[in-house]
Every structure is written in C-alpha cells, then in structure tokens.
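The letter at position 79 of the sequence shown is residue 819 when you use my numbering, and the numbering goes up by one with no holes.
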Amino acid sequence: LNAPVKSLVDALILSKLTSEEDRHQFGRMRLWGQLGFGAGSSLVGSLLSAFPADSNTGQTTSAPVISSDAVETASLGINKAYSALIETARGLIEKIRPLKGYEWA
C-alpha cells in the first residue's frame, strides 16, 4: 500500500531543493541511507537466523556454547567481509560519482 510513497516523497523533496549542490547531497544521503538499511537488515536477518524462535512456545532457543576459538574465527571472517564490502562500496562510489541523474536510467 505504501510502495509509491517513497518515490512521491523523493520527488517532493527534490522539487523543494533549489541548488544543484543540495540535490547532489540529497542523492548521496539517500544512497547511503539505502546501503545502511540493506546492511542493517542483513545483519538482523543473520542474527534472527542464528537464534530462531521455538515454533511451539514463541520463546527463543537457548544459545549453544561457543568456544572462544570459534568466536575469534567468526570475528576475523566478519572483519574480512566488512573490509571487502567497504572496498566494493568505494569502487562503486568512484564509478557513480560523476554520473548525473539522467545517466542512471
């Protein structure tokens, strides 16, 4: 029901911004907001998958005992994945920075 609302709000905001710099900044903020939402949603989804609710009681299941080696290995993996994500984002930003809105289509 609210699918067109985001597009309408974006159009309304862009119509109120008078300078090209303001419009550019809005686009950058909108991009980072979407990327942050995607990353946050993925993290929450991963956490919910790791600790699922018990379908009979609605209570979360008890967490398994995890060794410190497993935590360290997972932490290293997360750090590597985060670094790769940042490098990919930087490369993408460098490619799309010079584009204007009409060139995206």
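No residue lacks a Cβ here, since even glycine has one placed at the ideal position from N, Cα and C.
In this structure, how does DSSP classify Ser807 when only helix, strand and coil are distinguished?
coil
Quiz prompt | Given Ile836 as reference, the closest of Ser789, Gly767, Gly785, Lys820 once Cα atoms are compared | solution = Gly767
Pairwise C-alpha distance: Ser759 and Gln765: 10 Å
- request: Flag Met769 as yes when its Cβ comes closer than 7 Å to any non-hydrogen atom of the ligand FMN, and as no otherwise.
  value: In the structure on display, the ligand FMN does not appear, and there are no ligands present to speak of.
message = Using CA atoms only, rank isn't needed, just tell me which of Gln774, Leu771, Leu775, Ala814 is closest to Ala790.
response = Ala814
Just to check my reading of the structure: Ala829 and Leu775 have Cβ atoms closer than 8 Å, yes? What is that Cβ distance to the nearest angstrom? 7 Å
> In this structure, does DSSP put Ser759 in helix, strand or coil?
Replying inline: coil
Handout entry: Backbone secondary structure at Arg830 - three-state DSSP
Key = helix
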